[in-house]
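K.L.:
Numbering-wise (UniProt numbering), the sequence shown opens with residue 1 and increments by one. All C-beta atoms in this analysis are idealised placements derived from N, C-alpha and C, irrespective of residue type, glycine included.
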Amino acid sequence: MASLEAAQRLVDWLKSSGGQFHNEQSGLGVVASSDVPSSSTLISCPFSLAITTETGRKALVEVTGDESIDLKDWNERMLVATYVALHSLKPGHTSLRHQAYVDALPPLQSLSTPLLYATKERQLLAGTNLYGTIEEQERERRAELDKIRSVVPEMTWDHYLAATSYISSRAFPSRLLSLQTAANNGAGETKAVSDDESYPVLIPGLDLFNHARGTPITWLSSTVSTDSGEIPSVSFISQDGVKAGKEAFNNYGPKSNEELLLSYGFVLDSNPDDKVILKLGAPAAVSDKLRAQGLDISQRFALRVDGQVPQELLRVLRAMMGGPVGHVHGDSCDHGHDDDEDEDDEDEHAAHEKEMEEMQLEIDVLGTLGGMLEDKLDKLNVTLDADSDVRPEVVRMVEVYRKGQMEILEKTQDTLSERIDRLESMMDQGMGSCPCGC
Numbered sequence: 001m002a003s004l005e006a007a008q009r010l011v012d013w014l015k016s017s018g019g020q021f022h023n024e025q026s027g028l029g030v031v032a033s034s035d036v037p038s039s040s041t042l043i044s045c046p047f048s049l050a051i052t053t054e055t056g057r058k059a060l061v062e063v064t065g066d067e068s069i070d071l072k073d074w075n076e077r078m079l080v081a082t083y084v085a086l087h088s089l090k091p092g093h094t095s096l097r098h099q100a101y102v103d104a105l106p107p108l109q110s111l112s113t114p115l116l117y118a119t120k121e122r123q124l125l126a127g128t129n130l131y132g133t134i135e136e137q138e139r140e141r142r143a144e145l146d147k148i149r150s151v152v153p154e155m156t157w158d159h160y161l162a163a164t165s166y167i168s169s170r171a172f173p174s175r176l177l178s179l180q181t182a183a184n185n186g187a188g189e190t191k192a193v194s195d196d197e198s199y200p201v202l203i204p205g206l207d208l209f210n211h212a213r214g215t216p217i218t219w220l221s222s223t224v225s226t227d228s229g230e231i232p233s234v235s236f237i238s239q240d241g242v243k244a245g246k247e248a249f250n251n252y253g254p255k256s257n258e259e260l261l262l263s264y265g266f267v268l269d270s271n272p273d274d275k276v277i278l279k280l281g282a283p284a285a286v287s288d289k290l291r292a293q294g295l296d297i298s299q300r301f302a303l304r305v306d307g308q309v310p311q312e313l314l315r316v317l318r319a320m321m322g323g324p325v326g327h328v329h330g331d332s333c334d335h336g337h338d339d340d341e342d343e344d345d346e347d348e349h350a351a352h353e354k355e356m357e358e359m360q361l362e363i364d365v366l367g368t369l370g371g372m373l374e375d376k377l378d379k380l381n382v383t384l385d386a387d388s389d390v391r392p393e394v395v396r397m398v399e400v401y402r403k404g405q406m407e408i409l410e411k412t413q414d415t416l417s418e419r420i421d422r423l424e425s426m427m428d429q430g431m432g433s434c435p436c437g438c
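1. For S178, which option in E138, L220, K354 has the closest C-alpha, if you only look at C-alpha atoms?
2. Note down, in chain order, each residue of its chain lying with its Cβ closer than 7 Å to the Cβ of M321, except the 5 sequence neighbours on either side.
3. Do L373 and L409 come within 8 Å of each other at the CB atom, strictly closer than that value?
4. For the 8 Å Cβ check, are there 3 or more pairs between the region 244 to 252 and the region 201 to 212?
5. Three-state secondary structure (DSSP) at R304?
6. Would you mind working out which of L313, I297, V63 sits nearest A284, comparing C-alpha positions?
7. Can you grab the Cα-Cα spacing for the pair residue 455 / H159, in whole Å?
8. Whose C-alpha, out of S95, S222, L96, Q137, is nearest the C-alpha of T113?
9. For E135, count neighbouring Cβ atoms within 10 angstroms of its own Cβ and tell me buried if that reaches 16, exposed if not.
10. Buried or exposed, going by whether 16 or more other CB atoms sit within 10 Å of the CB of R300?
11. Given that a residue counts as buried once 16 or more other Cβ atoms are within 10 Å of its Cβ, and exposed if not, what is M397?
12. Can you tell me whether DSSP reads W219 as helix, strand or coil?
13. Suppose you measure from the CA of T226 to the CA of I237; what does that come to, to the nearest Å?
14. Please list the terminal residues of the continuous alpha helix (DSSP H) segment that includes G132.
15. Given a cut-off of 8 Å on the beta-carbon distance, is the pair T82 and L262 in contact?
16. With three or more beta-carbon pairs closer than 8 Å as the criterion, would you say the region 72 to 89 touches the region 140 to 149?
17. Where N381 and D375 are concerned, what is the direct C-alpha to C-alpha distance, given to the nearest angstrom?
18. Give me the Cβ distance between Q413 and V276, rounded to the nearest whole Å; I'm assuming they're in contact under 8 Å.
Now the structure itself:
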């Protein structure tokens, strides 16, 4: 929260608009002042207070006074972020209903997502996946800002940067803003909405909670009884309850440190959900060939803390490296046997050669992947040179992130080495003799 006063105004505004808190005396830090029983609703927010694309469209028409405004090229992020930023650009405008919420959001200088890093801080991420991701994000955001300025010329980079950062760190899926409309069993569950149909929205109050991995919580979309009647709302329910004096936490789900740092601006020192994302590259002709075999080279492959190698990754590499099997050069052997025996021996010989070639191909695939991982390790294994212009907390987070990436790569390399050793041992011990005796 920007300040206790701003937080109190947010709480008061939520309550006056139909929002509810578990305890009137619960304070401003989402800390229980008394024991909260299990399955208790800690907070609820009416659907009507959510900041959606429609909220943004309506406000833009009213703020600009132009009902014919062309917003067809605006994506969901642009609409929601512009609405948030307008509260700073046009404070007090009657179409902007969320001033108490926006005033309680943290200031730009306190945000810690990498897109907001200073130049020297961003350089600490050089050699990581995040470095390229941030550059791509900035290009996207600046292109969006150019479109927005044609409608809202007062919008600055800092305004848009702050607003989009709030979305990345505080948003919920819009599917939460739906109730079952048929065969409702009375529990008020959300109806099924695919991820393709859902987009990020801001739900005031529900974003007060910090993350604690594994915390059992429920987000429930239902009607809530208020003095004004039944109001469709999203509620945050603590399954285990909260002890007096303890903080109530949200659970953002299983996310890697890369995801946490990029979207929320923090990392976990020991994150069992950590992963390294690999993306392969190949010429268009190779990609087309793989696609014809039902393989997608554009997909992202996740290496995890257990060091296991995704089978689909090996399939794609195998297809990229593999040629025809069997007698690849069309050569044949004259074993000096009778015709029938000769035919049987040739079958055994061909099968043996095919098996040997497949094993060698597997060794080559594993070795190639190992080389890729070694290249990534070399880029990650550097000493961070941070000066006084770099915030200590940024250095710490980047160090934790890089360390986790390296540990996963090293663990995966160990797995590859073990598999290569096992295959080479098999080829050396009994697999090297052709059954035909040649």
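P.N.:
Quick answer:
1. Position 178 of the sequence shown, counting from 1, holds the residue named residue 178. Ranking E138, L220, K354 by Cα distance to S178 puts L220 first.
2. Working through the sequence shown from its first residue, we reach residue 321 at position 321. Contacts found: L361, D364, V365, T368.
3. As a first step, residue 409 is located in the sequence shown; it is residue number 409 there, counting from the start. As a first step, residue 373 is located in the sequence shown; it is residue number 373 there, counting from the start. Cβ distance < 8 Å, so L409 and L373 count as in contact.
4. yes
5. Walking along the sequence shown from the start, residue 304 turns up at place 304. Strand.
6. Looking up residue 284 in the sequence shown gives position 284. Out of L313, I297, V63, I297 has the C-alpha closest to the C-alpha of A284.
7. As displayed, the chain neither begins before 1 nor continues past 438, which places residue 455 out of reach and without an answer.
8. Position 113 of the sequence shown, counted from the start, is the residue given in the question as residue 113. Ranking S95, S222, L96, Q137 by Cα distance to T113 puts Q137 first.
9. Along the sequence shown, read from residue 1 onward, the residue named residue 135 stands at position 135. Under this definition E135 is an exposed residue.
10. In the sequence shown, residue 300 corresponds to position 300, counting from 1. The residue is exposed, with fewer than 16 neighbouring Cβ atoms inside 10 Å.
11. Against the sequence shown, residue 397 aligns to sequence position 397. M397 should be labelled buried.
12. Walking along the sequence shown from the start, residue 219 turns up at place 219. In this structure, W219 counts as strand in the three-state DSSP scheme.
13. For this step, residue 226 is matched to residue 226 along the sequence shown. For this step, residue 237 is matched to residue 237 along the sequence shown. Taking the straight line joining both Cα atoms gives about 17 Å.
14. Taking the first residue of the sequence shown as 1, we reach residue 132 at position 132. Run containing G132: 129 to 149, per the alpha helix (DSSP H) assignment.
15. Locating residue 82 in the sequence shown gives position 82, where the first residue counts as 1. Locating residue 262 in the sequence shown gives position 262, where the first residue counts as 1. Taking 8 Å as the Cβ cut-off, T82 and L262 do not qualify as a contacting pair.
16. yes
17. One-based indexing of the sequence shown puts residue 381 at position 381. One-based indexing of the sequence shown puts residue 375 at position 375. Approximately 10 Å, taken between the alpha carbons.
18. Residue 413 sits at position 413 when you count from the first residue of the sequence shown. Residue 276 sits at position 276 when you count from the first residue of the sequence shown. Not confirmed; about 11 Å, so no contact.
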